[in-house]
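S.K.: Below is the structure I would like to discuss, written out as structure tokens.
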Amino acid sequence: MPTEAAVLDALSGVRDPELDEPITDLKFIADLQVGGDSVDVRLRLPTPFCAPNFAYLMAYDAREALLAVPGVREARVILDDHHTADEINAGMTDGRGFESTFPGDTEGDSLEELRNIFRRKAFVSRQEKLCRTLLADGNSPAELAEMRLDDVPSSEAKEKYLSRREELGLDVSVEAPFVVDPDGNRVPEEAVIQHLRFARVTRLSIEANAGFCRGVLAARYPDAAVLKEEEVAL
Amino acid sequence: MYEKDGEKYFVVDGHTHFWDGSPENYNKYGKMFIDCFYGYHSALSPEEYLWSEEKFGKYTEEDIMHDLFEIGYVDKAIFQPTYLLDFFPKGFNTTAQDAVLAEKHPDKFILNSSFEPRLGEAGLAEFERKHERYGFKGVKLYTAEWHEDSKGWKLNDYWAMRYLEKCRELGVTNIHVHKGPTIRPLNKDAFDVADVDHVAHEFTDLNFIVEHVGLPRLEDFCWIGVQEPNVYGGLAVAMPFIHSRPRYFAQIIGELLYWLDEDRILFSSDYAIWQPKWLVEMFVDFQIPEDLQGEYGTLTPDIKRKILGLNAAKLYDIEVPDEIPQEAPVMSGAESAYPESPL
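Each protein sequence line maps, in turn, to chains A and B.
If you read the first sequence in the numbering used here, its first letter stands for residue 32, the second for the next number, and so on.
If you read the second sequence in the numbering used here, its first letter stands for residue 21, the second for the next number, and so on.
This is the structure in structure tokens:
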């Protein structure tokens, strides 16, 4: 029988695609029940009008993550208090895709393009964060441009960067160049500063958005209130 | 007018509402909508400025006059209507609702209107009549607005472009754009601001003021701002970060000064979500934290004066009292060479 810890651990691998943070850290899990080989999870979001596409992706990814936990045979994910909760919950129960959850409301290739846009943004943002630390440690932009992945000291930030890089299908081998654009092209030395300048506003946008969502979630569900220290660290 | 440390500031609040979000006027979506706004209000306001849900749903003429003009330092407030007829049967905050106050206090309010491109030809004639009646210089467009089967529209849709042509013809030069989350097709990013780029490029004689500076897509907005000189950023929603997340606020302002410039940023409270009194006071006192000044420079009184009022005064031909200094040197240590967008 799966433990609650194993289930939570699986859920911590699910991220809000837009905010690039685990749904567990964001306090989007309203409730979790493990009973035998079945798991019930309730998701909650900052507002009833949070974008339905991201809401669906999180519910879908949560369900997939739960079903991958050894011993889990049944997983139900229910979205609370959302303007498309009925549609999404029905879609989850029947295992329907996004198009048939919202018939007539989609165009083209389902959610993959959207996912990819936000994977690119997350990648750019994580790279900027890592570069920022390296610059603060005394490396020059020119040195960054010359670095291979194994020249970058190990850290949690590097792990996150590598995982976003891998999700985009980019080369993560040790000899691969470190500073690359989201298509995997190496950023030449003379372009590094400008590359990071744009990456910085991408990172800021994601972080500011996450801060806003945290605040609004806490206003809606007081038990989700964040600690002041945590805020200061952001 | 606000005065601090010998500096005077003329204040134009670029985004205000006089709404009816009371239970008598909402359906289930309207309730969610006003709950959403209340969430923003309670998450980002200082405690002493918090309202009850009931008051937030519907406040009085006395409240708005007091909060904006008696204690809020606002010299001119721009009404930005938000119709939402599918959520609020009488309308949330229509031109006609706002006009009652604007016509009573013509020296205080600037009345903007709106258009609904999905009404096609008939709506075009109606828009023209509305302009004749109210004589506005700006419109506020909420592209996530529902209408019959449609759950949103884009600025570069055929009919939206026709309405923008009409704006040009009528001298409605200030186009405020507000993005929302429910836009169809649902599998695309609802906050995408690419359509602003398209129309700003097409209508170079119109000004496009993107509300909440494109947040949550600040990076895309900044990128468009670099390309299109007629794109402006309205600070609604970004402003209250000054209280709860001042470092983010500093970075947002810093980025806007870098990618746009100090002439294209407009103060707004988004009243009654937030109140201008504390926003103005905190903004005038605000400085970029020392450890970020290397990246973002500093904010001078001249820059603050532009953001708080002079920039909007230019767009709306508002007369600024002589006692307000208007010449301002360029600030910010930021260089101005722009990279290719990596996204």
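Using N, Cα and C, we set each Cβ at its ideal position, and we do this for glycine too.
Just so we're clear, the structure is a prediction, and the values are computed from it rather than from any experiment.
Under a three-way DSSP split, which group does residue 154(A) fall into?
M.R.: In the structure shown, residue 154(A) sits in a helix (DSSP, three-state: H, G or I).
S.K.: Between which residues of its own chain and residue 73(A) is the CB-CB distance below 6 Å, once the five residues before and five after are set aside?
M.R.: 61, 62, 109, 111.
S.K.: Quick one: list the residues of chain A neighbouring residue 205(B), beta-carbon separation under 8 Å, in chain order.
M.R.: Within chain A, the residues near residue 205(B) are 136, 137, 138, 139.
S.K.: Quick one: using the 10 Å Cβ neighbour count with 16 as the cut-off for buried, is residue 91(B) buried or exposed?
M.R.: That one is exposed.
S.K.: At the 7 Å Cβ level, is residue 79(A) part of the contact set with chain B, yes or no?
M.R.: Yes - at least one Cβ of chain B is within 7 Å of the one on residue 79(A).
S.K.: Cutting at 6 Å between CB atoms, please list the residues of its own chain near residue 70(A), excluding the five before and the five after it.
M.R.: Cβ within range, chain order: 38, 97, 103, 106.
S.K.: Tell whether a beta-carbon distance below 7 Å holds between residue 77(A) and residue 235(A).
M.R.: No, the pair does not count as a contact, with Cβ atoms beyond the cut-off.
S.K.: Closest to residue 241(B) by C-alpha separation, out of 270(B), 277(B), 260(B), would be which residue?
M.R.: Answer by Cα proximity: 277(B).
S.K.: Using a Cβ cut-off of 8 Å, pull out every chain A residue sitting near residue 272(B), in sequence order please.
M.R.: Near residue 272(B) (Cβ distances below 8 Å), the residues of chain A are 235, 239.
S.K.: What three-state label does DSSP hand residue 104(A) in the structure shown?
M.R.: The answer is coil: DSSP assigns residue 104(A) none of H, G, I, E or B.
S.K.: So, under 8 Å CB-CB, residue 210(B) and residue 164(B) are touching, yes? Tell me the CB distance rounded to an integer number of Å.
M.R.: 7 Å between Cβ atoms; contact.
S.K.: Could you give the residue range of the alpha helix (DSSP H) that holds residue 225(A)?
M.R.: It spans 223-251 - the alpha helix (DSSP H) in which residue 225(A) sits, taken as one unbroken run.
S.K.: Could you run through the region 141-163 of chain A and flag, in chain order, every residue whose CB is less than 7 Å away from some CB of chain B?
M.R.: Answer set for the region 141-163 of chain A: 141, 142, 145, 148, 151, 152, 155.
S.K.: Quick one: using the 10 Å Cβ neighbour count with 16 as the cut-off for buried, is residue 29(B) buried or exposed?
M.R.: Residue 29(B) comes out buried.
S.K.: CB-CB under 7 Å to residue 41(A), same chain, minus the five flanking residues each way: which ones, in chain order?
M.R.: Contacts found: 96, 97, 99, 100.
S.K.: Which chain B residues sit within Cβ distance under 7 Å of residue 250(A)?
M.R.: Per Cβ cutoff of 7 Å: 59, 62, 63.
S.K.: For residue 38(B), which of 116(B), 106(B), 52(B) has the nearest alpha-carbon?
M.R.: For residue 38(B), the nearest C-alpha among the options comes from 116(B).
S.K.: Report all residues from its chain with a CB closer than 8 Å to the CB of residue 159(A); omit the five preceding and five following residues, and keep chain order.
M.R.: Counting only Cβ-Cβ distances below 8 Å, and skipping sequence neighbours, we find 227, 230, 231, 233, 234.
S.K.: Is residue 341(B) buried or exposed, if buried means 16 or more other CB atoms sit within 10 Å of its CB?
M.R.: Classification of residue 341(B): exposed, given that the 10 Å Cβ count is below 16.
S.K.: In chain B, which residues lie with their C-beta within 8 Å of the C-beta of residue 232(A)?
M.R.: What residue 232(A) touches in chain B: 238, 239, 242, 275, 279.
S.K.: Given this structure, state the Cα-to-Cα distance separating residue 52(B) from residue 142(A), to the nearest angstrom.
M.R.: So the alpha carbons of these two residues sit roughly 25 Å apart.
S.K.: Taking the straight line between their C-alpha atoms, what separation do you get for residue 361(B) and residue 32(A)?
M.R.: With a pLDDT of 49 at residue 361(B), under the threshold of 50, the predicted position of this residue should be treated as unreliable, and no value is reported.
S.K.: Does the beta carbon of residue 48(A) come closer than 7 Å to any beta carbon on chain B?
M.R.: No, residue 48(A) does not count as interfacial toward chain B.
S.K.: Check whether the Cβ of residue 21(B) lies closer than 7 Å to any Cβ atom in chain A.
M.R.: False, the Cβ-Cβ gap to chain A never drops below 7 Å.
S.K.: If you draw a straight line from the C-alpha of residue 96(B) to the C-alpha of residue 344(B), how long is it?
M.R.: The straight-line gap from Cα to Cα measures roughly 15 Å.
S.K.: Measure the C-alpha to C-alpha separation of residue 9(B) and residue 194(B) and round it to an integer number of angstroms.
M.R.: Residue 9(B) falls outside the range modelled here, since chain B spans only 21 to 363, and no answer is possible.
S.K.: Got a sec, what are the start and stop residues for the beta strand (DSSP E) residue 73(A) sits in?
M.R.: First-last of the beta strand (DSSP E) with residue 73(A): 69-74.
S.K.: Leaving out five residues on either side along the sequence, give the residues of the same chain with a beta carbon under 6 Å from the beta carbon of residue 110(B).
M.R.: So the list reads 45, once near-sequence residues are dropped.
S.K.: Answer yes or no: the CB of residue 281(B) versus the heavy atoms of the ligand MN, is any distance below 6 Å?
M.R.: What this structure holds is no ligand at all, so the ligand MN is not there to describe.
S.K.: DSSP three-state call for residue 61(A): helix, strand or coil?
M.R.: Strand, per DSSP.
S.K.: What separation, rounded to the nearest whole angstrom, lies between the Cα atoms of residue 316(B) and residue 125(B)?
M.R.: Roughly 40 Å separates the two Cα atoms.
S.K.: Taking the C-alpha atoms as reference points, what is the distance between residue 121(A) and residue 88(A)?
M.R.: Spanning the two alpha carbons is a distance of roughly 14 Å.
S.K.: Take residue 251(B) as the anchor and find which of 40(B), 227(B), 236(B) has the nearest alpha-carbon.
M.R.: When each option's Cα is compared against that of residue 251(B), the closest is 227(B).
S.K.: Is it the case that the Cβ atoms of residue 220(B) and residue 248(B) are separated by a distance below 7 Å?
M.R.: Going by C-beta atoms, residue 220(B) is nearer than 7 Å to residue 248(B).
S.K.: Does residue 44(A) come out as helix, strand or coil in the three-state DSSP assignment?
M.R.: Coil, per DSSP.
S.K.: Quick test of your reading: residue 175(A) and residue 223(A), contact by CB under 8 Å. State the CB separation rounded to the nearest angstrom.
M.R.: With a Cβ gap of about 6 Å, residue 175(A) and residue 223(A) count as contacting.
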